[in-house]
Amino acid sequence: MSMADSLAFGNRPRQQVMARLLGTLEVAGTTGVLRPSAGKHRVLLAGLLLRANRSATVDELLGWLWDRVPPATARQTLYVYLNRLRGELAQVADDQIRIRTVSGGGGYLLEIDPESVDVLAFRRLVETSHEAQLNGDPAAAVAMLTDAEHLWRGPALADVPSDRLQRDEAARLTDEWGRAVERRVDLQLAFGRHSELIAELRSLTARYPLRERFWAQLMLALYRDGRQAESLESYQRARDLLVEEVGLDPGDELRRLHHQVLTGAVPPPMWASDTTDAIPQVGAPWAPQRQLPPDIPDFVGRVAEVEEMTSLLRSAAYSPTVPLVVVSGPAGVGKSALAVRVAHLLADTFPDGQWYARLSQANSRVDPADLIDDLLRLSGLHPRSVPDGLNAKTAALRARLAGRRVLLLLDDALDTDQVLPILPGTAGCAMLVTSRRLLTSLPGVQPIKLDMLLPSDARELLANLVGGDRVAEERQAAEEIVSLCGQLPLALRIAGSRLGSKPAARLDVFAQTLRDGQRRLDQLELDSLRVRASMALSYLGLNDGARQAFRLLGLLDGGDFPAWLVTVLLPTADGEQVIEQLIGSSLITSVGRDPTGEPRYRMHDLLAVYAAELAGEVDEHERMEALSRVLSALIQLASAAWRRGRRTTWGWLPEEVSPVTQVLTDRHMNRLVGTHLTWEQTERRLVLFMIARGCEIGRYADAARLANLFCVSSYHDYLWIQDVVCQAALDAGDELVRWRTEFARARHLVHHHTSHAVRGLTSCLHHFERLGSVRETCHVMVWLSLCHTLLEDHTNAEVFAQRALAAAKSVGLEDRQLQAMALPELARSLAMADRYPEAAQAFEQAWQVAQEIGDPASLWTVLNRLGDVARRAGDLDRAQWAAETGLAMASIETEPQASGWMMCLLARVHVAKGAIDLAVELADRAREQFIAAGEEGGIAAVDAIRAEAHLAEGRPQVAVPLLRAALPALKGEEHSLVGEIQVLLDMAEREAG
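Dropping the structure here:
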């Protein structure tokens, strides 16, 4: 029986009750183990156990349960908790633990044998070790302290969610543990066991870098082991950490020891000559080492990952191979916290030890040979028995682990070469690794890819740190903080800790400071926790090409991006290899394939902020070249998509720019632009961003060209684009580009604000005539003709159409595209003026021109105008022929807008013919097309057709709400459909009474 057994348990049966607070909270009884699932129950039980056999007032209990102001029903809730806890304890502990009420309003008291509480057993062992040392038995003191340490299964009160207990009790217990370890190490050093302590002290200084005593003990052990240089290096490392973290130089003890090491004046071990055999060696022949860092009390979420990882690692008990789990993910995502949590949960599964080692410090690589050397010493192997060479050390480690059940947690591995030599060779052990890299080449690896917290878990973490009451009071601000932190645990922990240290600070004010992307990373720093520094480690681990790609991606808007974009940014590098390295370092993540089949990737929001910071340092020439390549690539894609989509620039001004720069290869082009609308919908955000950025870098003419080629379905997007390009041209003094842009903006108003469009087009006409731009002048007059048709001013409609044709002919401009645009407008204006023979001749001529140039858009326009005129004139058969012919020509997949309007025309013809069911079916199909194209006016037209169908069937009361709903959907009173819908609405309201 160990010293801990004799002191903490006496001669009691092993099945007797044991209450454990040094780790996760549990009560092991005669019939089972109680681990309360409710957080408040754990708080109450822990507080009462810490006060074992002493009363706690009601106010104290309420303070433990509710760290701030208790709710109004707190006392009633407390009684409920106490009754439930009594019942749960009775089930596992019989009558060995009782909670009773203290008379006279004295509160409550938990009665238990003091030797049944691990905290009290720990303290008794430490106290008895003092007595043994004073009585001249230091060997017994070491044994007692070692047994005391073995009572610790993890951080004290690890799963007790009470700020007050964590602050007052857990911190005190942790300090008691630290002092006990320091005493035990001092005694072992005095016995000359310095060689066997080095690995443990390295681990202790890594876990508690600000505890100077551990550094002093490590320096002493290294010096006495003949490693003076390493001892001095340890002092320098300790000094750097202290200065950086707390702004202080080392204390007197560390400075004095440093001087002794420098001068060779370190005293020898006190008892090494005569009593070394009396002190037990660390792990001789094997002593389980529990090196895990403290668990995080406010750990949230990751339920699925914890379940999967524990299942995989528990398989070590029966698997013929060694389970190897690698947790990867971006900086700050919580890899280490998750791994430590899982390792603590599995402590009982690996009774021979849980080893912990950090494989990098400030991105410096820990040599696996040095680490194995420390692990072998820690396992109990005498330093003189540790072999030389990595292969020999690996073989020795695997021999030591053979037949053991040890969990090895390797934190922050930089590459597979660090992990492979440490991997156990026989079943029984398991390895858990965290890394920013994927490490998929490790044999038998089980990867766990960690992403951001779920929104609900992120809110819970913030509430744990800030306080649930504050989060509830400023819920919207809390949601914004979670969003601006990108649900990244490290960022949330920093934000929450900063707010938690300032109870009076408002969350909305802090959220406002985070909104500024240029200052956001500055706000996410606290003591040694820094989001920017954490990300920088991943960035600095890249090769030159990948670093350049990461920086240049910061020039863009931070959204998801296609694989080809990296190739464009780095024309001299292998884009696929660069992407693989960025993914492998968790700086970008895959988000699948887009509708064109292209792989897409994205950065986490805070990584995008960091990339944008780095992009600000990019050389101006490099920045201009990269953005120019992206803009050229988009123009190349848009031009090809336009051609392959059987589209022309109907209604657009002809191009007046240089040939398209070939940035992308034919392989990329063939894959990306098979369907032009698919590509345009996929890259809409990037195109809009680059139009604006092109204007900023002086390439406004190319930006205008891209805007002209790109099909923008959103009305507001379209106007915004034209505003940006127009302002850039205006600033550059380029009048032609400016007025071409003004023309595009006016043209887009034609169906929504017709009179505004007329004013804009008239101004464009004046300036194009002034600039001598004949082609532009003729095109503007065609659109003025269309505007006057919509305003039912058929005289001016005819005049402008005739003027456009005459002006082009007078200067010898044989622009067949212009004729294909002008002739249908001329024909419609003649028909509206009841001049049908002339209209028919114009329609025939328009049809011939459209067929001659092979332009689908012009053919659809002729058929649409002809069908509309025929329907209005009552020639329903001709109207039906025009609509069906146009619909047969239109590609529903690539031209949803044109198809939708043809369906509307045909539906109205069927209403007039009395085929109501067919009309409604066509209208519904048209609605689908308009939704796909984002055509709000078309959706309103469908509602009008359905209303017209209801009127035809004598249901005006059904038609009225449809028509009333259609009007607000249009963008202005002058939309071409408004007049028709208003006439139908007046008719429906009269018939409905």
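In the UniProt record's numbering, the protein residues as written are 1 to 993. From the three backbone atoms N, C-alpha and C, an ideal C-beta is built for every residue, glycine too. All of these numbers come straight from a predicted model, not from anything done at the bench.
Secondary structure note for residue 26: its beta strand (DSSP E) is the uninterrupted segment 26-28.
Closest in alpha carbon position to residue 541, among 513, 503 and 583, is 583. Secondary-structure assignment with DSSP links residue 539 through no beta bridge to anything.
Residue 358: member of the beta strand (DSSP E) spanning 353-358, first to last residue.
In this structure residue 94 is exposed. Its beta-carbon is surrounded by fewer than 16 other beta-carbon atoms within 10 angstroms. When 400, 526, 222 and 177 are compared, the shortest CA-CA separation from residue 264 is found for 222. Assigned with DSSP and collapsed to three states, residue 853 falls in helix. Using a C-beta cut-off of 8 Å, the stretch 326-337 makes contact with the stretch 420-438, since at least three inter-stretch Cβ pairs fall below that distance.
A Cβ-Cβ contact shorter than 8 Å links residue 710 with residue 680. Inter-segment contact for the stretch 109-118 and the stretch 47-60 is present: three or more beta-carbon pairs are separated by less than 8 Å. DSSP places residue 433 outside any alpha helix (DSSP H); the residue lies instead in the beta strand (DSSP E), whose first and last residues are 430-435. The beta carbon of residue 623 lies closer than 7 Å to those of 555 in the same chain, with the five residues before and after it left out. Residue 57 counts as exposed, since fewer than 16 other beta carbons sit within 10 angstroms of its beta carbon. Contact between residue 869 and residue 828 holds, since their C-beta atoms are separated by about 6 Å, short of 8 Å. Taken in chain order, the whole alpha helix (DSSP H) runs of length 4 or more contained in the stretch 477-524 are 489-500, 507-515 and 517-523. Comparing alpha carbon positions, the residue from 302, 802 and 905 closest to residue 924 is 905. Beta-bridge partners assigned by DSSP to residue 56: 108.
Exclusion of the five residues before and after residue 563 leaves 575, 576, 579, 598, 599, 600 and 601 as the residues of its chain whose Cβ lies within less than 8 Å of its Cβ. If you draw a straight line from the Cα of residue 133 to the Cα of residue 351, it comes to about 30 Å. Take the alpha-carbon of residue 754 and the one of residue 684: they are about 27 Å apart. Under the rule that a run must span 4 or more residues, the alpha helix (DSSP H) segments found entirely inside the stretch 102-179 read 118-134 and 138-150. When secondary structure is reduced to three states using DSSP, residue 294 falls in the coil class, being assigned neither helix nor strand.
Along the stretch 704-765, the alpha helix (DSSP H) occurs as fully enclosed runs of 4 or more residues at 715-732 and 735-748, listed in sequence order.
When secondary structure is reduced to three states using DSSP, residue 260 falls in the helix class. Residue pairing of residue 325 in beta bridges, as defined by DSSP: 432 and 446. DSSP places residue 304 in the helix class (H, G or I) of the three-state scheme.
Taking residue 220 as the centre and dropping the five residues before and after it, the same chain places the C-beta of 189, 194, 231, 257 and 266 closer than 8 Å to its C-beta, in chain order.
Counting only the Cα atoms, residue 537 lies some 50 Å from residue 80. The three-state reading of DSSP puts residue 95 in coil, since its state is none of H, G, I, E or B. The C-beta of residue 108 has 16 or more other C-beta atoms within 10 Å across all chains shown, which makes the residue buried.
Taking a cut-off of 8 Å for Cβ pairs, the stretch 313-325 and the stretch 375-384 do not touch, as fewer than three such pairs fall below it. At a Cβ-Cβ threshold of 8 Å, residue 984 and residue 947 count as neighbours. By the criterion of a C-beta distance shorter than 6 Å, residue 248 is surrounded in its chain by 242, once the five residues flanking it on both sides are discounted. Per the DSSP secondary-structure output, residue 361 pairs in a beta bridge with 364.
In the DSSP assignment, residue 600 forms a beta bridge with 562. With respect to the 8 Å criterion, residue 159 and residue 21 are not classified as neighbours on the basis of their beta carbons.
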